[in-house]
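Chemist: Chains as they are written, first to last, in the working numbering: chain A, 701 to 927; chain P, 12 to 400. By construction, the Cβ of each residue, glycine as well, lies at the ideal position given by its N, Cα and C atoms. Take a look at the following structure, please.
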């Protein structure tokens, strides 16, 4: 619990160790973190401090070497690979630095992708994808391919893809890293709106201090430890 | 949008590579189809051979002659025989076009009675019996050489030197898609026999016998050979089917080689596919990583890769099959039927070959995708997303 609010992310004594050959590398050390449902938190820190690793653990892309990670009520440390995939499909929306849209699919089809894992009909999937594109202000570009969009527009399509299945948490890995200031501000406005209006919990890794200032809370990581 | 949309779009992502791979698979399939059809055509003769027909030749070799009197001996002394006829390989060339090879045989004027599958107009047969220099020509060969009833032609003999004047009295034909060679010329043996030197007279190449009951073929065969066992020239009699199989046995090494080549062709096709799929998977690793991050399972990604490979392989296979019909069946096939119809009387792509192509392209496509799909399945999501293309 965090200031009386329910925590959607609860990390206790989390350690993450990678191995370079036989050499262990401690990437996260004894991390305790609680993030309230509906929060907008930024994770900042120098390169190699463990920000992305922490984000990956929260998103269920990886599991801790030790400690517990309870995300949206699920203990990720006890989950199989398959259960983690199901967890990501239901609870997490991803926004990557380089958008990572499928170049062979239109904006609408890219947004529809996560819905292929649901039981929705084709018509329902299409309707929801249009709605998500409308939220990010790109419905008129639904039939455009990523190569026909600007970087800012691509990231907005990626955000539409991240919210189309109505996840509880949006994890954003340097969402403005590849954008100019104006486009970055537009993306941050959109994230803020998703947090304010749609009550999405947003966890954003960023190097950009201006982006970090948009968050309600800034968590600093250095050498694998939270400060 | 469905998962199939993703597969379809991925296949068209790199049009040049996809086109080249499709063509590679198509060429492999055309080659495979051509080889299989050669094998099929070769064995068609044996498969279709009449069960009630026996062929008798010199025991030592096909090339040595038999005395003509053996025909009468068989007809009169062997029980169970319904008809007997004979032929001799003449080996002449048409004076007008010596490079046009076609089989020409000097035969008994009743030869067609033993070969009812060769359809000859009764008036033509009648004319042949009354014209010692008459010849009956296969309709396919007649078309090729531009000959018709009433035309004259001169054969230049090789085994039997000299010019041999013949008059075409008509043509023989056969039902469509039957294995009968329609590119042979038959003329009267008695015409040849009159003109050859004394030492070559009254000799024939083979005796063909029809038996009353196909079940008695083996007994009649043995009886014929036993009849001539104590003569100067001993015989070897076999059923037509067995004779054809023996002929096939003689070229079994070639047939085996063709079989091996067809397997090599398929292996090359699988390697081409495997290379294309592996390149595609390497380029799309980040995208697969994103799909995994979105909640797709490694199994889903594996199925996408296998579907891409099968789609590509099947499309190439069907393209090859579609092209094989005009190229192999109508082009090469018609040429072979026309020019070496004796060996390839029916050169048609069989339904079995077409089904084998469809089946193999699916199986080979899946096999080509197996290793790349397994690699992606084992990769961690984070590694996949971060991996540079």
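1) Helix, strand or coil for residue 279 (chain P), going by three-state DSSP, please let me know.
2) Report the start-end ranges of each beta strand (DSSP E) in the segment 717 to 742 of chain A that is 3 residues or longer and not cut off at the edges.
3) Would a C-beta distance cut-off of 8 Å place residue 921 (chain A) and residue 754 (chain A) closer than the cut-off?
4) In the DSSP assignment, what residue or residues form a beta bridge with residue 218 (chain P)?
5) Determine the burial state of residue 134 (chain P): buried for a count of at least 16 other Cβ atoms within 10 Å of its Cβ, exposed for fewer.
6) Should residue 164 (chain P) be labelled buried (16 or more other beta-carbon atoms within 10 Å of its own) or exposed?
7) For residue 782 (chain A), does the count of other Cβ atoms within 10 angstroms reach 16, so buried, or fall short, so exposed?
8) Taking its Cβ as the centre, do 16 or more other Cβ atoms sit within 10 Å of residue 871 (chain A), making it buried, or is it exposed?
9) Would DSSP call residue 102 (chain P) helix, strand or coil?
10) Nearest to residue 294 (chain P) by CA position, among P:24, P:202, P:200 and P:104, is which residue?
11) Can you give me the start and stop residues for the beta strand (DSSP E) that residue 198 (chain P) sits inside?
12) Verify the CB distance criterion: does residue 319 (chain P) have a CB-CB separation below 8 Å to chain A?
13) Just confirm the distance between the C-beta atoms of residue 792 (chain A) and residue 869 (chain A), as a whole number of angstroms; I'd bet it's less than 8 Å.
14) In terms of alpha-carbon separation, which member of P:156, P:347, P:192 and P:110 lies closest to residue 130 (chain P)?
15) Name the DSSP beta bridge partners of residue 168 (chain P), please?
16) Check each residue of the segment 379 to 394 of chain P: if its Cβ is closer than 9 Å to any Cβ of chain A, include it; give the result in chain order.
17) If you count every other CB in all the chains shown that lies within 10 Å of the CB of residue 120 (chain P), and 16 or more means buried, which is it?
18) Going by alpha carbons, who is nearest to residue 246 (chain P) out of P:323, P:217, P:268 and P:267?
19) Looking only at C-alpha atoms, which of A:909, A:904 and A:917 sits nearest to residue 751 (chain A)?
20) Residue 280 (chain P) touches chain A at which residues, Cβ-Cβ below 8 Å?
21) What is the rounded straight-line gap between the Cα of residue 780 (chain A) and the Cα of residue 763 (chain A)?
22) Going by DSSP, what residues sit across from residue 78 (chain P) in a beta bridge?
23) Whose C-beta lies closer than 8 Å to the C-beta of residue 701 (chain A) among residues of the same chain, with five residues either side of it excluded?
24) Are the C-beta of residue 298 (chain P) and some C-beta of chain A separated by less than 8 Å?
25) Out of P:30, P:17 and P:34, point me to the one whose CA is closest to residue 335 (chain P)'s CA.
26) Out of curiosity, what's the CA-to-CA distance linking residue 926 (chain A) and residue 747 (chain A)?
27) What's the gap between the Cα of residue 239 (chain P) and the Cα of residue 73 (chain P)?
28) Please confirm whether residue 269 (chain P) and residue 22 (chain P) have their CB atoms less than 8 Å apart.
29) Confirm, please, whether the CB-CB distance from residue 266 (chain P) to residue 116 (chain P) is below 8 Å.
30) CA-CA distance, residue 400 (chain P) and residue 14 (chain P)?
31) Relative to the C-alpha of residue 391 (chain P), which residue among P:211, P:299 and P:206 is closest?
32) Using the three-state DSSP reduction, which class does residue 921 (chain A) fall into: helix, strand or coil?
Modeler: Taking the structure as given:
1) Within the second chain, the letter at position 268 stands for residue 279 (chain P). Of the three classes helix, strand and coil, the one that applies to residue 279 (chain P) here is helix, per DSSP.
2) 723 to 736
3) Along the first chain, read from residue 1 onward, the residue named residue 921 (chain A) stands at position 221. Along the first chain, read from residue 1 onward, the residue named residue 754 (chain A) stands at position 54. Yes.
4) The residue given as residue 218 (chain P) occupies position 207 in the second chain. DSSP, once it has assigned bridges, lists P:67 and P:97 as partnering residue 218 (chain P).
5) Position 123 of the second chain, counted from the first residue, corresponds to residue 134 (chain P). Exposed, because fewer than 16 other Cβ atoms sit within 10 Å of the Cβ of residue 134 (chain P).
6) Counting from one through the second chain, the residue named residue 164 (chain P) turns up at place 153. Buried: at least 16 other Cβ atoms inside 10 Å.
7) On the first chain, position 82 is the one that residue 782 (chain A) refers to. Exposed: under 16 other Cβ atoms inside 10 Å.
8) Taking the first chain and counting its residues from 1, the one referred to as residue 871 (chain A) is at position 171. So residue 871 (chain A) counts as buried.
9) The sequence position of residue 102 (chain P) within the second chain is 91, counting from 1. Looking at residue 102 (chain P) - three-state DSSP - the assignment turns out to be coil, as it is neither helix nor strand.
10) Residue numbering aside, residue 294 (chain P) sits at position 283 when the second chain is read from its first letter. Answer by Cα proximity: P:24.
11) Sequence index remark: in the second chain, residue 198 (chain P) carries index 187 (1-based). For residue 198 (chain P), the enclosing beta strand (DSSP E) covers residues 195 to 199.
12) Indexing the second chain from 1 puts residue 319 (chain P) at position 308. No - not a single Cβ of chain A is within 8 Å of the one on residue 319 (chain P).
13) Locating residue 792 (chain A) in the first chain gives position 92, where the first residue counts as 1. Locating residue 869 (chain A) in the first chain gives position 169, where the first residue counts as 1. Sure, about 5 Å apart at Cβ, within 8 Å.
14) Here residue 130 (chain P) is taken as the residue at index 119 of the second chain, counted from 1. Of all alpha-carbon atoms in P:156, P:347, P:192 and P:110, the one lying nearest the alpha-carbon of residue 130 (chain P) is that of P:192.
15) For the purposes of this step, residue 168 (chain P) is taken as the residue at position 157 of the second chain. According to DSSP, which records beta bridges pairwise, residue 168 (chain P) is partnered with P:173.
16) Taking 9 Å as the Cβ-Cβ cut-off against chain A, the residues of the segment 379 to 394 of chain P that qualify are 391, 392 and 393.
17) Taking the first residue of the second chain as position 1, residue 120 (chain P) is located at position 109. That one is buried.
18) Here residue 246 (chain P) is taken as the residue at index 235 of the second chain, counted from 1. Closest by alpha carbon: P:217.
19) The count along the first chain starts at 1 and reaches residue 751 (chain A) at position 51. Checked all of A:909, A:904 and A:917; the closest Cα to residue 751 (chain A) is A:904.
20) Within the second chain, numbered from 1, the residue matching residue 280 (chain P) stands at position 269. Those within 8 Å of residue 280 (chain P) in chain A number zero; the least Cβ separation is about 25 Å.
21) Within the first chain, numbered from 1, the residue matching residue 780 (chain A) stands at position 80. Within the first chain, numbered from 1, the residue matching residue 763 (chain A) stands at position 63. Between the C-alpha atoms of residue 780 (chain A) and residue 763 (chain A) there is a straight-line separation of about 10 Å.
22) Position 67 of the second chain, counted from the start, is the residue given in the question as residue 78 (chain P). DSSP, once it has assigned bridges, lists P:214 as partnering residue 78 (chain P).
23) Your numbering for residue 701 (chain A) matches position 1 in the first chain. Unreliable placement is indicated for residue 701 (chain A), whose pLDDT of 44 sits below 50; no coordinate value is reported for it.
24) Within the second chain, the letter at position 287 stands for residue 298 (chain P). With respect to chain A, the C-beta atom of residue 298 (chain P) has a partner C-beta closer than 8 Å.
25) Sequence index remark: in the second chain, residue 335 (chain P) carries index 324 (1-based). Among P:30, P:17 and P:34, the Cα nearest to that of residue 335 (chain P) is on P:34.
26) On the first chain, residue 926 (chain A) is found 226 positions in, with the first residue counted as 1. On the first chain, residue 747 (chain A) is found 47 positions in, with the first residue counted as 1. Rounded to the nearest angstrom, the two C-alpha atoms are 14 Å apart.
27) Within the second chain, the letter at position 228 stands for residue 239 (chain P). Within the second chain, the letter at position 62 stands for residue 73 (chain P). Each residue's Cα considered, the two are about 17 Å apart.
28) Residue numbering aside, residue 269 (chain P) sits at position 258 when the second chain is read from its first letter. Residue numbering aside, residue 22 (chain P) sits at position 11 when the second chain is read from its first letter. No. Outside cutoff.
29) The sequence position of residue 116 (chain P) within the second chain is 105, counting from 1. The sequence position of residue 266 (chain P) within the second chain is 255, counting from 1. In terms of Cβ geometry, residue 116 (chain P) and residue 266 (chain P) do not form a close pair [threshold 8 Å].
30) For the purposes of this step, residue 400 (chain P) is taken as residue 389 along the second chain, with counting starting at 1. For the purposes of this step, residue 14 (chain P) is taken as residue 3 along the second chain, with counting starting at 1. Note that residue 400 (chain P) scores a pLDDT of 49, beneath 50, so its modelled location is shaky and nothing firm can be said.
31) Indexing the second chain from 1 puts residue 391 (chain P) at position 380. Of the listed residues, the one whose Cα sits closest to residue 391 (chain P) is P:299.
32) Here residue 921 (chain A) refers to the residue found at position 221 when the first chain is read from its first residue. Three-state result, residue 921 (chain A): strand.
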